[in-house]
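Chains as they are written, first to last, in this note's numbering: chain P, 3 to 263; chain V, 3 to 263.
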DNA sequence: ATCAACAATTGATCTGAATCACTGTTTGTG
DNA sequence: CACAAACAGTGATTCAGATCAATTGTTGAT
């Protein structure tokens, strides 16, 4: 049953994903499908259900291990399922006909992708690290929601949180200059990261490429690079590694970022 | 009972609103409170309930008539209620400490404001025309949602739609230039307006000030003014009145806007 | 280990939109 | 009705960030 192609699945898209699997050994993926041992068990929508209710989710879901750089859903395609990320990171983006692309967010363990009111996906989601995602056919999920109102409430809460994040991003893109955007982004990462609470000089992990980061912040990679140098020269940040930055003065950064997000 | 200040209401904010009422005669407002005769009966969250179920909403809601330029909710304030717009238009905006403000959206009949996961409002909502809003205390609404799962489902759908709109706005602010932003905005207005479906040269109504429009599009009023002139000179639009514009060539406008919202 | 392909950095230059300054036009008010 | 205050339009100038161009890492495939 696991890894079988369900009748209403977009076989083409899934085939492409399966072909790309290189890193993740299949047995590991198989284990993921048992919700009770899932890394994201306590996060996202699954957190809404008691242990005993999980069997229903297990029954309708399928888990997949994906290599980096593979699409999970594509903007405009028929939305017959939603997905939960259980490990790794994805970028969510929209494109204009001429190729310009705007990253609307990053998704990691516990986050949901593909939930939309219409019948087609509003954005493309692509892995930017090796990742595991869990697929829930729409009709199966509807049944579950009808049976467990808690679940619907949880989805409403998650969607509201996402909406708030989107509005913060609108504020960032509409009002803030390059330095403020980067400051806001670093602080948001620090806030979301676990184990950095209370650390006066938190180190943030940047798994995405600079190119993706700039596409998220509405800047060009060159601008990002220059602004990072300025922040470094000003003694506000320190590059610990290529993908790791220590915030030397979060308060100053916060002031600069407009004390928001 | 109508217009009384409920115990958990922010009396200060409401007093301010009531003071400002000038246009709306009270009897008219009183009528609004009977949901069955509400202008927004078939829109927004109320559409989820059958006629017989409306009494529950009537019981917990209070309707108010507001003059233009008055706040309904304020960013950061304690969120103990949500509101539905039943007539008129509001602007929703967030501010930075230094005063820069970004309008995240406009709300009109059927739209909901103040729904958020946290315990404080994420944005300020202010009337930009005379308007009527309907107040639902949070706990009353929770009770209603528990009783009517349809209602919760409707809220989820509405929030998803709003999220999609927010992501479109992120694309607009992150990628598009001034002309494209205006084109997208005009087309979105034309699409939302009733009675313009199929009209090859729809006329759109712009109730908001140029200042608000520019704050929504992440531009300065001067830039907006110049771009409008260019669109006019290019024969794409025609100014029918100060607040009314006819789209002479929606297709060309659509191409220019990147064929997206 | 080598090399091709791609990502990141840095510099030089350009440009779209912001800013500044002023004028005309509404709007609301006593 | 007059008049202040706010809004809208236009021109001149500036500037933040984009674009163009070149170099230097990094990565991953063979």
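Even for Gly, the Cβ is constructed at its ideal location relative to N, Cα and C. Note that the coordinates shown come from a computational prediction; the quantities given were computed from them, not determined experimentally.
* Could one say the Cβ of residue 60 of chain V lies closer than 8 Å to chain P's Cβ atoms, at least one of them? -> Contacts with chain P at 8 Å (Cβ-Cβ) do not include residue 60 of chain V.
* Who are the near neighbours of residue 117 of chain P in its chain, counting only those whose CB is closer than 6 Å to its CB and skipping five residues on each side? -> Closer than 6 Å at Cβ, skipping near neighbours: 84.
* Contacting residues, own chain, Cβ-Cβ under 8 Å from residue 33 of chain V (five flanking each side not counted) -> Here the model assigns residue 33 of chain V a pLDDT of 40, short of 50, so the residue's position is not dependable, and the following value carries that caveat. Answer for residue 33 of chain V: 39, listed in chain order.
* Asked: Which residue spans inside the region 108-188 of chain V form an unbroken alpha helix (DSSP H) run of at least 4?
  -> Entirely contained in the region 108-188 of chain V, the alpha helix (DSSP H) runs reaching 4 residues are, in chain order, 140-149, 151-177.
* Asked: Under a CB-based cut-off of 8 Å, is residue 168 of chain P close to chain V?
  -> Closer than 8 Å: yes.
* Asked: In this structure, does DSSP put residue 228 of chain P in helix, strand or coil?
  -> Residue 228 of chain P: helix per DSSP, three-state reduction.
* Asked: Rounded to the nearest angstrom, how far is the Cβ of residue 51 of chain V from that of residue 152 of chain V, given a contact under 8 Å?
  -> Contact check for residue 51 of chain V and residue 152 of chain V: beta-carbon distance about 7 Å, within the 8 Å limit, so the pair qualifies.
* Beta-carbon of residue 85 of chain P versus every beta-carbon of chain V: anything under 8 Å? -> No - not a single Cβ of chain V is within 8 Å of the one on residue 85 of chain P.
* Asked: Exposed or buried, residue 197 of chain P, counting other C-beta atoms within 10 Å across all chains shown (16 or more means buried)?
  -> By the neighbour-count rule (16 or more Cβ atoms within 10 Å), residue 197 of chain P is not buried but exposed.
* Asked: Whose C-alpha, out of P:37, P:229, P:45, P:66, is nearest the C-alpha of residue 188 of chain P?
  -> Nearest of P:37, P:229, P:45, P:66 to residue 188 of chain P, Cα basis: P:229.
* Asked: Which same chain residues, not among the five before or five after residue 221 of chain P, have their C-beta less than 7 Å away from its C-beta?
  -> Around residue 221 of chain P: 180, 183.
* Note down, in chain order, every chain V residue with its Cβ under 8 Å from the Cβ of residue 213 of chain P. => Under the 8 Å cutoff, chain V gives no residues; its nearest Cβ is about 14 Å from residue 213 of chain P.
* Asked: Using the beta-carbon count (16 or more within 10 Å), is residue 64 of chain P buried or exposed?
  -> By the C-beta density criterion, residue 64 of chain P is buried, having at least 16 other C-beta atoms within 10 angstroms.
* Asked: Can you name, in chain order, every residue of its own chain whose Cβ lies under 7 Å from the Cβ of residue 259 of chain P, other than the five neighbours on each side?
  -> Around residue 259 of chain P, the same chain offers 182, 185, 186, 189 as residues with beta carbons nearer than 7 Å, after the five sequence neighbours per side are excluded.
* Asked: Going by C-alpha distance, which of P:55, P:213, P:46, P:253 is nearest residue 245 of chain P?
  -> Nearest option by C-alpha distance: P:213.
* Residues sharing a beta bridge with residue 207 of chain P, DSSP -> Residue pairing of residue 207 of chain P in beta bridges, as defined by DSSP: P:246.
* residue 151 of chain V touches chain P at which residues, Cβ-Cβ below 8 Å? -> Contact of residue 151 of chain V with chain P by beta-carbon distance below 8 Å involves 148, 151, 154.
* Spell out a yes or no on whether the region 42-60 of chain P and the region 77-93 of chain P are touching, meaning 3 or more CB-CB pairs, one atom from each, closer than 8 Å. => When C-beta atoms of the region 42-60 of chain P are compared with those of the region 77-93 of chain P, three or more pairs fall below 8 Å, so the two segments count as touching.
* In terms of residues, what are the limits of the alpha helix (DSSP H) holding residue 213 of chain V? -> Annotation for residue 213 of chain V: the continuous alpha helix (DSSP H) segment containing it runs 212-219.
* **Partner residues on chain V for residue 104 of chain P, Cβ-Cβ distance less than 8 Å** => Residues of chain V with a Cβ closer than 8 Å to the Cβ of residue 104 of chain P are, in chain order, 172, 173, 176, 177.
* Kindly list the residues whose CB is nearer than 7 Å to the CB of residue 27 of chain V, restricted to its own chain and excluding five residues on each side of it in sequence; keep chain order. => Annotation note: pLDDT 34 at residue 27 of chain V (below 50); position unreliable, coordinate value reported separately. Beyond the five residues adjoining it in sequence on each side, residue 27 of chain V comes within less than 7 Å, by CB distance, of no other residue in the same chain.
* **Where the beta strand (DSSP E) through residue 73 of chain V begins and ends** => Its beta strand (DSSP E) spans residues 73-75.
* Would you kindly work out how many angstroms separate the C-alpha atoms of residue 251 of chain V and residue 195 of chain P, rounded to a whole number? => Their backbone Cα atoms lie some 49 Å apart in a straight line.
* Going by alpha carbons, who is nearest to residue 160 of chain V out of P:120, P:149, P:72, P:75? -> Of the candidates P:120, P:149, P:72, P:75, P:120 places its Cα closest to the Cα of residue 160 of chain V.
* To do: Check whether the region 124-134 of chain V touches the region 76-83 of chain V, counting contact only when three or more Cβ pairs, one atom from each stretch, lie closer than 8 Å.
  => Three or more pairs of CB atoms, one per stretch, sit closer than 8 Å, so the region 124-134 of chain V contacts the region 76-83 of chain V.
* Determine whether the Cβ of residue 23 of chain P lies closer than 8 Å to any Cβ atom of chain V. => Unreliable positioning characterises residue 23 of chain P in this predicted model, as indicated by a pLDDT of 38, which lies under 50. A coordinate reading is not provided.
* Check whether the Cβ atoms of residue 104 of chain P and residue 165 of chain V sit closer than 8 Å, and answer yes or no. => Cβ atoms of residue 104 of chain P and residue 165 of chain V: not closer than 8 Å.
* Per DSSP, residue 65 of chain V is paired with what? -> Looking at the DSSP assignment, residue 65 of chain V forms a beta bridge with V:136.
* Straight-line CA distance for residue 203 of chain V to residue 235 of chain V? -> Those two C-alpha atoms are separated by around 17 Å.
* Asked: At least one CB of chain V closer than 8 Å to the CB of residue 99 of chain P: is that the case?
  -> Yes, contact with chain V.
* Cutoff 8 Å: residue 161 of chain V Cβ touching any chain P Cβ -> At least one chain P Cβ lies under 8 Å of residue 161 of chain V.
* List the residues of chain V whose Cβ lies closer than 7 Å to the Cβ of residue 118 of chain P, in chain order. => The answer, in chain order, is 162, 166.
* Taking only beta-carbon atoms, is residue 96 of chain V less than 8 Å away from chain P? -> It does; some Cβ of chain P falls within 8 Å.
* Asked: Are the C-beta atoms of residue 157 of chain P and some chain V residue less than 8 Å apart?
  -> Closer than 8 Å to some Cβ of chain V, the Cβ of residue 157 of chain P qualifies, so yes.
* Hey, how far is the Cα of residue 209 of chain V from the Cα of residue 131 of chain V? -> Taking the straight line joining both Cα atoms gives about 8 Å.
* Between the region 214-231 of chain V and chain P, which residues of the former have CB atoms less than 7 Å from a CB of the latter, in chain order? -> Against chain P - using a Cβ distance shorter than 7 Å - the residues of the region 214-231 of chain V are 220.
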